[in-house]
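Q:
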Amino acid sequence: MSKLDTAQGYRDAPTRTITAAGAAFAYRELGPRTGVPLVVLTHLGANLDNWDPRVVDGLARDRRVIAVDYRGVGDSTGQVRASMEEMAADMVAVIRGLGHDRVDLLGLSMGGMVAQAVATQAPGLVDRLILVGSGPAGGPGLVDMTGLIIRSTLRALVTLNDPKALLFFTRTPVGRDAARQYLARLKERKAGRDKAVTPKDFRAQLAAVRRWGRQASADLSRFPGPVLVIHGDSDRMVPPANAGALASQLPTATVRIFPDSGHGVAFQNHRAFVDAALDHLRR
Numbered sequence: 001m002s003k004l005d006t007a008q009g010y011r012d013a014p015t016r017t018i019t020a021a022g023a024a025f026a027y028r029e030l031g032p033r034t035g036v037p038l039v040v041l042t043h044l045g046a047n048l049d050n051w052d053p054r055v056v057d058g059l060a061r062d063r064r065v066i067a068v069d070y071r072g073v074g075d076s077t078g079q080v081r082a083s084m085e086e087m088a089a090d091m092v093a094v095i096r097g098l099g100h101d102r103v104d105l106l107g108l109s110m111g112g113m114v115a116q117a118v119a120t121q122a123p124g125l126v127d128r129l130i131l132v133g134s135g136p137a138g139g140p141g142l143v144d145m146t147g148l149i150i151r152s153t154l155r156a157l158v159t160l161n162d163p164k165a166l167l168f169f170t171r172t173p174v175g176r177d178a179a180r181q182y183l184a185r186l187k188e189r190k191a192g193r194d195k196a197v198t199p200k201d202f203r204a205q206l207a208a209v210r211r212w213g214r215q216a217s218a219d220l221s222r223f224p225g226p227v228l229v230i231h232g233d234s235d236r237m238v239p240p241a242n243a244g245a246l247a248s249q250l251p252t253a254t255v256r257i258f259p260d261s262g263h264g265v266a267f268q269n270h271r272a273f274v275d276a277a278l279d280h281l282r283r
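Sequence positions in the sequence shown follow full-length UniProt numbering and run 1 to 283.
Written as structure tokens, this is what we have:
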């Protein structure tokens, strides 16, 4: 255990801070200190506590996993950035501030958009990419996310559901059961929880996603490393067509579509997702 943290899992990992690009960024890390670290970038409206502990713990069996709060989110200071490119510049500064000159990146949804921007801004910094439930700039249906979130949130209030259960999971028996289990796992951390994301900060991030959806496609072909694209076949927030759109722009991409899975594909299929991610990172 000399090469591992003493924390028993992600739910116990301490929150640390690093100052970079004029702000203090909250982060947690777990796993072996050897090899290329894996930086994980989370979805719209999420803080460090929204990472599924089963996903992080599974990845941390093999890799040093570093989860970072975006500027202005959770325990990170500053104002939420207005674009993916600005968020990416922050992440480049954080990664270098932590002393890493090479990392792998895993991005969920908006995090995948930030990861793409990191890979184009600093291609020499990133070895491998994993893009989950994400889409390229100008991707199909991304500008429609605002309306979907508003409708689903109102429905959740009426039905006394957590909006994540409606937005991230299918409404099949398998999807409903996975949603219940995921929401329970998010409550496992009892101490040192992150600050909640405010409605103002959520709206700012949503505006950045909408702006990304209206942009012209970026030149992703400059990124030479292997890319794994994972998507749920029933993703309502980021339509599955985005997986193909990403693959068409990334010549080294491999696409995997999970059946009966929504936007929370990584959480609904956490064991299979971890296996697929680690297999990609080991090659």
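Idealized CB from N, CA, C, for every residue including glycine. This structure is a prediction, so every number in the text was calculated from the model and none was measured.
Go ahead and pull the three-state DSSP assignment for Arg256.
A: strand
Q: Output the distance between the C-alpha atoms of Ala191 and Asp12, rounded to the nearest integer angstrom.
A: Cα atoms of Ala191 and Asp12: separation of roughly 8 Å, rounded to the nearest angstrom.
Q: Between which two residues does the beta strand (DSSP E) holding Val126 run?
A: DSSP places Val126 in the uninterrupted beta strand (DSSP E) bounded by Val126 to Val132.
Q: So, is Thr170 buried or exposed, given that buried needs 16 or more other C-beta atoms within 10 angstroms?
A: buried
Q: Based on Cα-Cα distance, which residue from Leu246, Arg214, Ala253 and Ile257 lies nearest to Asp235?
A: Ile257
Q: Tell whether a beta-carbon distance below 9 Å holds between Gly262 and Leu167.
A: yes
Q: Within this structure, are the beta carbons of Pro136 and Gln116 separated by less than 9 Å?
A: yes
Q: In this structure, what does DSSP give as the bridge partners for Ala243?
A: DSSP lists no partner for Ala243.
Q: How about Gly141: is its Cβ closer than 8 Å to a heavy atom in the ligand NAP?
A: This structure simply doesn't include the ligand NAP, nor any ligand for that matter.
Q: From the DSSP output, read off the bridge partner residues of Gly141.
A: According to DSSP, Gly141 bridges with nothing at all.
Q: Go through the region 55 to 92 residue by residue and report every complete run of the beta strand (DSSP E) that reaches 3 residues or more, in order.
A: With a minimum length of 3 residues, the continuous beta strand (DSSP E) runs that stay inside the region 55 to 92 are 65 to 68.
Q: Does DSSP put Arg185 in a helix, a strand or coil?
A: helix
Q: To the nearest angstrom, report how far apart Phe202 and Leu183 are at their CA atoms.
A: 19 Å
Q: Between the region 35 to 55 and the region 94 to 108, do three or more beta carbon pairs fall short of 8 Å?
A: yes
Q: Assign Thr17 to one of three DSSP states: helix, strand, or coil.
A: strand
Q: Do Gly244 and Val255 count as a contact pair if the criterion is CB distance below 9 Å?
A: yes
Q: Taking its Cβ as the centre, do 16 or more other Cβ atoms sit within 10 Å of Ala216, making it buried, or is it exposed?
A: exposed
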